[in-house]
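**Student:** Each position in the sequence shown, counted from 1, maps to that position plus 158 in our numbering. Where a beta carbon is used, it is the ideal one built from N, C-alpha and C, also for glycine.
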Amino acid sequence: MKLILLGAPGAGKGTVAKLLTKMDGSVQISTGDILRGAVQAGSDLGKQAEAFMKAGDLVPDELIMGIMEKRLQDPDCAKGFLLDGFPRTIPQAEALNDLLDRIGIKLDMAVNIDVPRDVILDRLTTRRTCSNTDCQAIYNVKSNPPKQEGICDKCGSPVIQREDETEEAISHRLETYNEKTAPLIGFYDKQGLLMTVTATDSNDVIEAVKAKLES
Ligand code: AP5
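(1) The alpha helix (DSSP H) spanning TYR335 covers which residue range?
(2) Is the Cβ-Cβ distance between THR287 and ILE296 less than 8 Å?
(3) Less than 8 Å between the beta carbons of LEU254 and PRO245, yes or no?
(4) Comparing the CB of ALA169 with every heavy atom of ligand 1, is any distance shorter than 7 Å?
(5) Can you tell me where the beta strand (DSSP E) with LYS160 in it begins and where it stops?
(6) Am I right that ILE271 and LEU163 are in contact with their C-beta atoms under 8 Å? What's the rounded C-beta distance?
(7) Which residues mark the beginning and the end of the beta strand (DSSP E) in which ALA268 is found?
(8) Please report how far the alpha carbon of THR354 lies from the alpha carbon of TYR346, in whole angstroms.
(9) Shortest alpha-carbon distance to GLY170 belongs to which of GLU321, ASP266 and ILE364?
(10) With H, G and I counted as helix, E and B as strand and the rest as coil, what does DSSP make of ILE210?
(11) Pull the bridge partners of ASP280 from the DSSP assignment, please.
(12) Counting Cβ pairs closer than 8 Å, one from the segment 231–240 and one from the segment 179–187, do we hit at least three?
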């Protein structure tokens, strides 16, 4: 499958993407995970992105397109991909359309995961993430804690709170989402690719995607 996952911070894009990869071997491509990996590695990309991320601002479109031009042409994308956190602005969505046209790939749909704001705020303040950038497993102290407190079930690395999970950064990320990313819902609707799923249970999102792909 070739999907875009849209939704506010904390809507569950990463959680749903990880579940969908198990269906047909499609790869999850999370620009947030790629950028956090670059920050931890201290690469040029990481140095350029770090301050934007910490403040809850978007990283400039040129940097993101530089990453995605290469990533979408990697051999593992041939089976399918789940774009988690990309595109995030209308210019990114337009550039993605151009890129997909050039490399001859057609999207199946853009799935908009719609979750109430109070649920989102609760999830973001209680999320924990594996600190190993090759793993980045997602936990939640309320709904999905690691078996051993503070330790990743999958790789044994410490599980931490992300740097952009301060109250101030969360509220800024939500404002940024409303201003810059929410317009993508209309963008993909016009292209006939949008499916909105209003659900707080990730399994409901998976079922809706399956049903749509089969129809
Ligand atoms: P990114 O990492 O993409 O963050 P985000 O979009 O803010 O999304 P999140 O990862 O916060 O949430 P999510 O929807 O994946 O939810 P999750 O599954 O974790 O981006 C971070 C930063 O990088 C950006 O602010 C920006 O600076 C930069 N960036 C990234 N991409 C960019 C781009 N394209 N352009 C420019 N800048 C970019 O779930 C959240 C929590 O809820 C977890 O604890 C989870 O366990 C829990 N949960 C999820 N689903 C459920 C459920 N059904 N029931 C109960 N709990 C649940």
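**Tutor:** Quick answer:
(1) One-based indexing of the sequence shown puts residue 335 at position 177. Per DSSP, TYR335 lies in no alpha helix (DSSP H) segment and is marked neither H nor E.
(2) As a position in the sequence shown, residue 287 is number 129, starting the count at 1. As a position in the sequence shown, residue 296 is number 138, starting the count at 1. Result yes, Cβ atoms of THR287 and ILE296 sit closer than 8 Å.
(3) Here residue 254 is taken as the residue at index 96 of the sequence shown, counted from 1. Here residue 245 is taken as the residue at index 87 of the sequence shown, counted from 1. Taking 8 Å as the Cβ cut-off, LEU254 and PRO245 qualify as a contacting pair.
(4) As a first step, residue 169 is located in the sequence shown; it is residue number 11 there, counting from the start. Checking the Cβ of ALA169 against ligand 1 gives yes.
(5) In the sequence shown, counting from the first residue as 1, residue 160 sits at position 2. For LYS160, the uninterrupted beta strand (DSSP E) run begins and ends at 160–164, by DSSP.
(6) Position 113 of the sequence shown, counted from the first residue, corresponds to residue 271. Position 5 of the sequence shown, counted from the first residue, corresponds to residue 163. Confirmed, Cβ separation roughly 7 Å.
(7) Here the question's residue 268 lines up with position 110 in the sequence shown. Start and end: 267–272.
(8) On the sequence shown, position 196 is the one that residue 354 refers to. On the sequence shown, position 188 is the one that residue 346 refers to. Each residue's alpha carbon lies about 11 Å from the other.
(9) If you number the sequence shown from 1, residue 170 lands on position 12. Closest by alpha carbon: ILE364.
(10) For the purposes of this step, residue 210 is taken as the residue at position 52 of the sequence shown. Note that residue 210 is Phe in the sequence shown here, rather than Ile. Of the three classes helix, strand and coil, the one that applies to PHE210 here is helix, per DSSP.
(11) In the sequence shown, counting from the first residue as 1, residue 280 sits at position 122. Answer by DSSP bridge pairing: none, since ASP280 is not bridged.
(12) Counting Cβ pairs under 8 Å, three or more are found: they touch.
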